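Working notes, structure below.
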Amino acid sequence: MRGEEVKRYFVLSLTSLAVCSRFMENVAWMLLKRFPVQPNNRVWGEFRSLADDKMCWDTQSAALGGPIGISGCHHSGGNQRYRLNVEGQITTGERCIHARNSNLVFEVCPDAKVSDKWKLLEETKQIQYDDGSDKCVEAKGKKLKMEACDSKNAFQKWQFAPA
C-alpha cells in the first residue's frame, strides 16, 4: 500500500470501529438482556425411540402450540433436532417443548427464562417431566404423550444421537 491508501484504510477502520462501539453501547446490551446466552447443551441431536430406533421426535411442521410427535428418522436435523440444556429445557430451534395436559407441544420460549424442566434419566433411558408428577414421554402411535413413568415400558425409552 502507498501512503494515501494506508491513510484511507486506517480512516475507514477507525470509522468502522467507532460505529461498532456505538452499536455495542447503544443496542447490543439490550439484545443480551432480552435474549441472554442460553445454558450449555447437555445433549443435542435426535431423540430416537428404543422401541423402534428408526423413529425420532419430530415437530411434524405443527403450528405453534401444536403437538409434536414421532416419525421416521431422516438424520438431517431440522424438525428432528432437539437440545436438552443443563437447566433442563428442551428446545428445537427457538421454540421450547412444553407439557400441556398429556401432549408435548412447542411454543415460543419465554424471554430469558427456563420454564418447563425435563430430566434425562440415564439409567432407565426415560425423559421425565420435572414437575413432581412422575410423568415420562411415551410414544403412542405417531404421537408423544405424557404418561406415568414405567421403567419397563420400551415406548418410554429414548436414546440420544447427534444429528
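Heads up, the final residue of the sequence shown is numbered 1544 in the numbering used here, and it's a clean run with no missing numbers. Ideal Cβ placement from N, Cα and C applies to all residues, glycine included. Owing to the predicted nature of the structure, the values given are computational and were not obtained by experimental measurement.
{"Asked": "Selected residue, minimal CA-CA separation from residue 1441, among 1421, 1460, 1480, 1428", "Found": "1460"}
{"Asked": "Assigned secondary structure, residue 1388 (DSSP; H/G/I helix, E/B strand, else coil)", "Found": "Caution is warranted here: a pLDDT of 45 is assigned to residue 1388, below 50, making its placement in the model unreliable, and the coordinate value is therefore given only provisionally. It is helical."}
{"Asked": "Reference residue 1489; option with closest CA among 1477, 1542, 1496", "Found": "1477"}
{"Asked": "Buried or exposed by the 16-neighbour rule on C-beta atoms within 10 Å, applied to residue 1513", "Found": "exposed"}
{"Asked": "Range of the contiguous beta strand (DSSP E) that encloses residue 1467", "Found": "Per DSSP, residue 1467 belongs to no beta strand (DSSP E) and is neither H nor E."}
{"Asked": "8 Å Cβ cutoff met for residue 1501 and residue 1423", "Found": "yes"}
{"Asked": "Residue 1520 - partner residues in DSSP beta bridges", "Found": "1525"}
{"Asked": "Straight-line gap, residue 1543 to residue 1411 (C-alpha atoms, nearest Å)", "Found": "33 Å"}
{"Asked": "Start and end residues, beta strand (DSSP E) containing residue 1439", "Found": "1436-1439"}
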